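Here the structure is laid out as structure tokens; the discussion comes afterwards.
This is how it looks when you write it as structure tokens:
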């Protein structure tokens, strides 16, 4: 295998975890994170305060989405939009925000438990008393 070939488990892992990513996209779309980042990078504590969410939980969601290219995490702990993430802004040309609402809405109703095995949900990020630490 050449150094430029992706090992077979990597794309499969992306497929396996795709459900988690789509739920996380739904969460940040509902919270309007892309709109909050439209003026430039912000620290997760500022974003949590602006959205009424739990900072550590929000940071986990943002890091997940940074790993797939929606945001970048800067060395000082601030998050910034990428061109892909900017498509979640309300009113942006070609905004995908409505699609993020619709595509994950059914999935959010299917698994409403907040245990260590369920992906991020809006209620978890806002600080519900689930079983996650």
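In full-length UniProt numbering, the protein residues as written are 1 to 133.
Ideal Cβ placement from N, Cα and C applies to all residues, glycine included.
Since the structure is predicted, the reported quantities are computational estimates derived from the model, not experimental observations.
Beta-ladder partner(s) of residue 74, from DSSP:
Sequence index remark: in the chain shown, residue 74 carries index 74 (1-based). Paired residue(s): none; residue 74 is not in a bridge.
Are the CB atoms of residue 54 and residue 47 within a distance shorter than 7 Å?
Against the chain shown, residue 47 aligns to sequence position 47. Against the chain shown, residue 54 aligns to sequence position 54. Not closer than 7 Å, so no.
Continuous alpha helix (DSSP H) stretch holding residue 135: start and end:
With the chain covering only 1 through 133, there is no way to say anything about residue 135.
So does the segment 21 to 32 actually touch the segment 52 to 71, counting three or more Cβ pairs closer than 8 Å?
yes
Endpoints, alpha helix (DSSP H) assigned at residue 15
In the chain shown, the residue the question calls residue 15 occupies position 15. From DSSP, the alpha helix (DSSP H) with residue 15 extends over 9 to 16.
Presumed contact (8 Å Cβ cut-off) between residue 78 and residue 41, rounded CB distance:
Your numbering for residue 78 matches position 78 in the chain shown. Your numbering for residue 41 matches position 41 in the chain shown. The distance from the Cβ of residue 78 to that of residue 41 is about 4 Å, consistent with a contact at the 8 Å cut-off.
DSSP-derived helix/strand/coil call for residue 92
Within the chain shown, numbered from 1, the residue matching residue 92 stands at position 92. Here residue 92 sits in coil by DSSP.
CB residue 31 to CB residue 51, shorter than 7 Å?
Here residue 31 refers to the residue found at position 31 of the chain shown. Here residue 51 refers to the residue found at position 51 of the chain shown. Cβ atoms of residue 31 and residue 51: closer than 7 Å.
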